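Report on the following structure.
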Amino acid sequence: MIRTIGITKAFGDLKVLKGIDLEIKDEEVVSIVGASGAGKTTLLQIIGTLDKPDSGTIYYNDSDVSKLKGKALASFRNKNIGFVFQ
1216 MIRTIGITKA
1226 FGDLKVLKGI
1236 DLEIKDEEVV
1246 SIVGASGAGK
1256 TTLLQIIGTL
1266 DKPDSGTIYY
1276 NDSDVSKLKG
1286 KALASFRNKN
1296 IGFVFQ
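Here's what the structure looks like:
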């Protein structure tokens, strides 16, 4: 399960994500849609641990991964995350 609580992200004065709460259960299929610049890619990069939120928490199976750094983050990503870029 993936869960985010209060995810925020800004680029300068532009607030892209504002308090995103999301829960995706195992084997659940989710579509994230929105206009260009709405924050879809930013959200996916944060969920995939490729970027850090300004605030908020990311959980994978009830483990807080939002504070992982360095080798621990790389190891987690290698074992648990996969991306196919468009």
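In the working numbering, the protein residues as written are 1216 to 1301. We treat Cβ as the ideally placed atom computed from N, Cα and C, and that holds for glycine. In this text the structure is predicted, and so the values were computed from the model without any measurement.
Buried versus exposed call for residue i [16 or more other C-beta atoms within 10 Å across all chains shown]
| i | result |
| --- | --- |
| V1280 | buried |
| L1232 | buried |
| I1273 | buried |
| G1297 | exposed |
| G1254 | buried |
For residue i: DSSP bridge partner residues
| i | result |
| --- | --- |
| R1218 | E1238 and Y1274 |
| K1230 | A1225 |
| D1279 | Y1274 |
Anticipated Cβ contact below 8 Å, residue i with residue j, distance rounded
| i | j | result |
| --- | --- | --- |
| M1216 | I1239 | 7 Å |
First through last residue of the alpha helix (DSSP H) which encompasses residue i
| i | result |
| --- | --- |
| I1262 | K1255 to I1262 |
| L1288 | G1285 to N1295 |
query: Are the region 1261–1269 and the region 1220–1227 touching, with three or more C-beta to C-beta distances below 8 Å?
result: yes
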